[in-house]
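Numbering (this note's numbering), first residue to last: 554 to 761. Every residue, glycine too, gets a C-beta built ideally from N, C-alpha and C.
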């Protein structure tokens with residue numbers, strides 16, 4: 554990404570300020586985590602889930618996988634609208650070259666958590682912005698390395714028993730129970746939660 558100085562926002566009525574890049578978004582996702590992150594930074598948005606097939610293609614590398622799905626989600630929603638800037642995102646986890654998508658069931662979640670135990674892994678999120686009026690697209694990928702502590706079978710069972718892990722890539726949410734087992738992070742924390750909002754901001758600055 555180019556290093557640019559962010560232009561100063563013009564004071565709005567009542568003394569409030571708004572960053573020019575924070576144009577309202579259409580979030581092509583039903584993820585509460587992505588919604589919470591946009592809300593936390595004060596980014597106006599509406600959610601419009603894309604409903605695309607998220608199956609990985611045979612032999613598809615992790616980076617291509619998340620790039621493709623992020624773009625397909627954003628474009629699917631953009632096609633339903635006359636105007637707006639649509640945000641699509643997709644996250645996956647990679648450990649020793651194996652891509653860990655959402656687990657099929659509790660047994661698969663336990664398998665994934667055993668693989669992560671005591672090791673570094675990588676979290677990749679593809680981000681795509683599509684301008685509905687023109688079809689213009691900007692796509693990027695954020696990578697973050699995360700190290701899990703050694704975890705026992707008892708700890709893994711406790712982690713899985715709520716069922717909350719079944720809709721998470723790699724079978725964990727860093728902002729949930731998994732926080733007890735995270736030893737180190739190298740990169741963007743918000744990427745691990747599910748939306749690298751700094752990358753979204755950088756891409757959005759290229760749209761008018």
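Tell me whether residue 750 sits in a helix, a strand or coil according to DSSP, three-state version.
The sequence position of residue 750 within the chain shown is 197, counting from 1. Helix.
According to the Cβ coordinates, are residue 624 and residue 576 closer than 9 angstroms?
The residue labelled residue 624 in the question sits at position 71 within the chain shown. The residue labelled residue 576 in the question sits at position 23 within the chain shown. Going by C-beta atoms, residue 624 is not nearer than 9 angstroms to residue 576.
Would you mind sorting residue 602 into buried or exposed? The rule is 16 or more other CB atoms within 10 Å of its CB.
Residue numbering aside, residue 602 sits at position 49 when the chain shown is read from its first letter. Answer is exposed; the Cβ neighbour count stays below 16.
Could you say if the region 631-648 and the region 671-691 meet the contact criterion of at least three C-beta pairs nearer than 8 angstroms?
Touching, yes, given that three or more Cβ pairs across the two stretches are closer than 8 angstroms.
Excluding sequence positions up to five away, which residues of its chain have a Cβ less than 8 angstroms from the Cβ of residue 651?
Position 98 of the chain shown, counted from the first residue, corresponds to residue 651. Closer than 8 angstroms at Cβ, skipping near neighbours: 668.
Am I right that residue 713 and residue 662 are in contact with their C-beta atoms under 8 angstroms? What's the rounded C-beta distance?
The sequence position of residue 713 within the chain shown is 160, counting from 1. The sequence position of residue 662 within the chain shown is 109, counting from 1. Their Cβ separation, rounded to whole angstroms, is 5 angstroms, which keeps residue 713 and residue 662 in contact under 8 angstroms.
Between 759, 721 and 572, which has its C-alpha nearest residue 658's C-alpha?
Residue 658 sits at position 105 when you count from the first residue of the chain shown. Nearest of 759, 721 and 572 to residue 658, Cα basis: 721.
Apart from the five residues on each side of it in sequence, which residues of its chain come closer than 6 angstroms, Cβ to Cβ, to residue 591?
As a first step, residue 591 is located in the chain shown; it is residue number 38 there, counting from the start. Hits under 6 angstroms: 598.
Going by beta carbon distance, what residues of the same chain come within less than 6 angstroms of residue 631, once the five residues before and after it are set aside?
The residue you call residue 631 lines up with position 78 of the chain shown. These residues qualify, in order along the chain: 639, 683 and 685.
Between the C-alpha atoms of residue 629 and residue 705, what's the straight-line distance to the nearest angstrom?
Sequence index remark: in the chain shown, residue 629 carries index 76 (1-based). Sequence index remark: in the chain shown, residue 705 carries index 152 (1-based). Answer to the nearest angstrom: the Cα atoms are 42 angstroms apart.
Quick test of your reading: residue 679 and residue 622, contact by CB under 8 angstroms. State the CB separation rounded to the nearest angstrom.
Within the chain shown, numbered from 1, the residue matching residue 679 stands at position 126. Within the chain shown, numbered from 1, the residue matching residue 622 stands at position 69. Correct: roughly 6 angstroms between the Cβ atoms.
Starting from the C-beta of residue 605, find all residues in its chain whose C-beta is less than 8 angstroms away, skip the five residues before and the five after it, and write them out in chain order.
Against the chain shown, residue 605 aligns to sequence position 52. Hits under 8 angstroms: 622, 625, 626 and 629.
Residue range of the beta strand (DSSP E) that residue 736 falls in?
Residue mapping note: residue 736 aligns to position 183 of the chain shown, counting from 1. From DSSP, the beta strand (DSSP E) with residue 736 extends over 735-739.
My parser needs the alpha helix (DSSP H) runs of 4 or more residues fully inside the region 649-689; what are they?
Counting only runs of 4 or more, we get 659-669.
Of the choices 740, 613 and 636, whose alpha-carbon is the least far from that of residue 697?
Indexing the chain shown from 1 puts residue 697 at position 144. Ranking the options by Cα distance to residue 697, first place goes to 740.
Suppose contacts are defined by Cβ-Cβ distances below 9 angstroms. Is residue 746 in contact with residue 727 by that definition?
Your numbering for residue 746 matches position 193 in the chain shown. Your numbering for residue 727 matches position 174 in the chain shown. Contact: yes.
Given that a residue counts as buried once 16 or more other Cβ atoms are within 10 Å of its Cβ, and exposed if not, what is residue 695?
Here the question's residue 695 lines up with position 142 in the chain shown. So residue 695 counts as buried.
Apply the 10 Å Cβ neighbour rule to residue 612 and answer buried if 16 or more other Cβ atoms are within range, or exposed otherwise.
The residue given as residue 612 occupies position 59 in the chain shown. By the 10 Å Cβ count, residue 612 comes out exposed.
In or out: residue 615 buried (at least 16 other Cβ within 10 Å) or exposed?
Residue numbering aside, residue 615 sits at position 62 when the chain shown is read from its first letter. Burial call: buried.
Residues in the same chain with beta-carbon distance under 6 angstroms from residue 554, minus the five sequence neighbours each way, listed in chain order, please.
Position 1 of the chain shown, counted from the start, is the residue given in the question as residue 554. Because the pLDDT of residue 554 is 38, which lies under 50, any placement of that residue in the model is unreliable, and the number read from its coordinates should be weighed accordingly. Only 755 meet the Cβ criterion.
Rounded to the nearest angstrom, how far is the Cβ of residue 699 from that of residue 656, given a contact under 8 angstroms?
Locating residue 699 in the chain shown gives position 146, where the first residue counts as 1. Locating residue 656 in the chain shown gives position 103, where the first residue counts as 1. About 17 angstroms separates the two Cβ atoms, so there is no contact after all.
For a minimum of 3 consecutive residues, which ranges assigned as the beta strand (DSSP E) are wholly contained in the region 577-663?
Qualifying beta strand (DSSP E) stretches, in chain order: 578-580, 598-600, 638-648 and 651-653.
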